[in-house]
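Asks: Just add 851 to the spot in the sequence shown (first one is 1) and you have the numbering used here.
Beta carbons are placed, not taken as given, at the ideal position from N, Cα and C, and that holds for glycine.
These numbers were taken from a predicted model, which means no experiment stands behind them.
Structure in structure tokens, see below.
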Amino acid sequence: MLAPVVEAHARKSAASQAREWGADVKRILCIRLDNLGDVLMTTPALHALRAAEPGRHLTLLASRAGKATAPFIDAIDDVIEYDAPWVKQDAPIDALADLAMRARLASAHFDAAVIFSVYSQNPLPAAMLCHLAGIPLRLAHCRENPYGLLTDWVQETEPQHGTRHEVERQLALVARVGAKADDTRMRFSVRPADIDSLTQKLIARDVDVDAPFIVVHPGASAESRRYPVERFVETIERLGAQLEWPILVTGSRSESHLCRAACGTSPYAHDLSGALELGELAALIQRARVLISNNSGPVHLASALGAPVVDLYALTNPQHMPWQTSHRVLYHDVSCRWCYRSVCPEGHHACLVGVEVDEVVSAALELIEEEHASPVHPITQAS
């Protein structure tokens, strides 16, 4: 009887052998080209890389959104903004800009590069950029054999063989080269100046900075991850009437219409859309009794800051849930779960629409009660 034939392209690629990057690997380029939350979920891996050898210098190559996090992440020494042509963007493609980036990276004389990606992203364009820039060591997850483009790589097995939280995924990547972490917390350092400026902005809006308050974030970059605005209106009305606390509604300037709508007519709602810088938003979330948000950047800020969060979680991707903070993840289970789409492919948004306001209010009150034993630290101006 003939043995079954296995085509060469069907065999599982063998990943590179694990090896430690030693003391000679000082200057590392860390590539994370997607969003703010993705960078935040990479911070435990960044800290592991830095701590593995004394004197390491980490440079983050990031999108504009990702770059904004750099001043608040202790492990990052430098940051370079890059609109990569293989990442979705609004700017026109400019080959000269890509050549200039190659030259800039080459002139920095990096010893190694780590390409952080979600499993649906191909690391090889970034690997090629690093190869052409003369960076000798290059690490990433990869689904196919990268041959010479990666010197160190981990076989990509997600999602076919299960998925991990994004934090765990990136920690596993850097562990391949000897960077292991006992402390797996996400990191974001709020600066005293941001506390000061936030305090002044709240006072200007007649918000009692010594009182407890709730933060609500009704926006999200993807339509499939937005809880209906009319449900936010009802949630704010009910929590405001019951607790008589300020409810601070946050969002970007482009989300002003959404935030105004979410405030409804509640006398407790305050529209802060477009008013806060990133550090101020973090200071606000850190102080909040609870954050109620779609699964977006503020949820990951809450994880990094240890703030309790009600996460209205569209079942698009299981890897981005809150990490190591008190939380409630609310969704309505559906057969089309984990669609990984930015627009609901079925058109019904049932995984979010099925979450009732009663559930949101109850989850928020439960978290507030659980945190009640912890003292409320007023927002005060830093000296």
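Between residue 1115 and residue 1084, which are expected to be in contact by the criterion C-beta below 8 Å, what is the C-beta distance as a whole number of angstroms?
Replies: 4 Å
Asks: Would you mind working out which of 933, 1040, 894, 929 sits nearest residue 1129, comparing C-alpha positions?
Replies: 1040
Asks: If we require 4 or more residues per run, which alpha helix (DSSP H) segments fall completely within the stretch 1109-1153?
Replies: 1129-1138
Asks: Would you tell me roughly how many angstroms separate the C-alpha atoms of residue 1203 and residue 1078, rounded to the nearest one?
Replies: 6 Å
Asks: Tell me the rounded alpha-carbon separation between residue 1071 and residue 1046.
Replies: 25 Å
Asks: Taking Cβ positions, are residue 870 and residue 1003 nearer each other than 8 Å?
Replies: Yes, Cβ-Cβ distance for residue 870 and residue 1003 is below 8 Å.
Asks: Using 8 Å as the threshold, is the C-beta distance between residue 903 and residue 1023 below it?
Replies: No, Cβ-Cβ distance for residue 903 and residue 1023 is not below 8 Å.
Asks: Throw me the rounded Cβ distance for the residue 1148 and residue 1124 pair, which I believe falls under 8 Å.
Replies: Actually they do not touch by this definition, with Cβ atoms about 14 Å apart.
Asks: Kindly identify the DSSP beta-bridge partner or partners of residue 1179.
Replies: Note: residue 1179 sits in a beta bridge opposite 1161.
Asks: Looking only at its chain, what residues have a beta carbon closer than 7 Å to the beta carbon of residue 1153, apart from the 5 residues adjacent to it on each side?
Replies: 1136, 1142, 1160, 1173, 1176
Asks: Excluding the 5 residues flanking residue 1218 on each side, which residues of the same chain have their C-beta closer than 7 Å to its C-beta?
Replies: So the list reads 1141, 1159, 1161, 1177, 1179, once near-sequence residues are dropped.
Asks: With a threshold of 16 other CB atoms inside 10 Å of the CB of residue 939, please say whether the residue is buried or exposed.
Replies: exposed
Asks: What number of angstroms, rounded off, separates the C-alpha of residue 955 from the C-alpha of residue 1025?
Replies: 24 Å
Asks: In angstroms, rounded to a whole number, what distance separates the CA positions of residue 1014 and residue 1094?
Replies: 39 Å
Asks: Can you give, in chain order, each stretch of the alpha helix (DSSP H) that sits fully within the stretch 870-908 and has at least 4 residues?
Replies: 887-903
Asks: Enumerate in chain order the residues of its own chain whose CB-to-CB distance from residue 1118 is below 8 Å, with the five nearest sequence positions on each side excluded.
Replies: 1091
Asks: Please report the distance separating the alpha-carbon of residue 929 from that of residue 952.
Replies: 15 Å
Asks: Taking residue 1027 as part of the alpha helix (DSSP H), name the residues at either end of that continuous run.
Replies: Note, residue 1027: premise wrong, no alpha helix (DSSP H); not H, not E.
Asks: In terms of residue numbering, what span does the beta strand (DSSP E) encompassing residue 841 cover?
Replies: Residue 841 lies beyond the range of the chain shown here (852 to 1234); nothing can be said about it.
Asks: In or out: residue 1020 buried (at least 16 other Cβ within 10 Å) or exposed?
Replies: buried
Asks: May I have the straight-line CA-CA distance separating residue 993 from residue 975, to the nearest angstrom?
Replies: 8 Å
Asks: How far does the alpha helix (DSSP H) with residue 1217 in it reach, from first residue to last?
Replies: 1208-1221
Asks: Tell me the rounded alpha-carbon separation between residue 915 and residue 887.
Replies: Those two C-alpha atoms are separated by around 9 Å.
Asks: Quick check on the DSSP output: the alpha helix (DSSP H) that includes residue 1016 runs from which residue to which?
Replies: Element bounds for residue 1016: n/a, residue is neither H nor E.
Asks: State the DSSP-derived secondary structure class of residue 929, mapped to helix, strand or coil.
Replies: strand
Asks: Please classify residue 858: does DSSP put it in a helix, a strand, or coil?
Replies: Because residue 858 carries a pLDDT of 44, less than 50, the predicted location of this residue cannot be relied on, and the following value inherits that uncertainty. The answer is coil: DSSP assigns residue 858 none of H, G, I, E or B.
Asks: What residue range does the alpha helix (DSSP H) around residue 1204 cover?
Replies: 1201-1204
Asks: Helix, strand or coil for residue 867 per DSSP?
Replies: coil
Asks: Residues in the same chain with beta-carbon distance under 7 Å from residue 1076, minus the five sequence neighbours each way, listed in chain order, please.
Replies: 1145, 1146, 1147, 1165, 1167
Asks: Rounded to whole angstroms, how far is the Cβ of residue 1210 from the Cβ of residue 1181, which I believe are closer than 8 Å?
Replies: 6 Å
Asks: Hey, could you find the ends of the alpha helix (DSSP H) residue 924 is sitting in?
Replies: Here residue 924 belongs to no alpha helix (DSSP H), and DSSP marks it neither H nor E.
Asks: Report the option in 1126, 1049, 1082, 1087 whose CA atom is closest to the CA atom of residue 1106.
Replies: Residue 1106 has its Cα closest to that of 1126, out of 1126, 1049, 1082, 1087.
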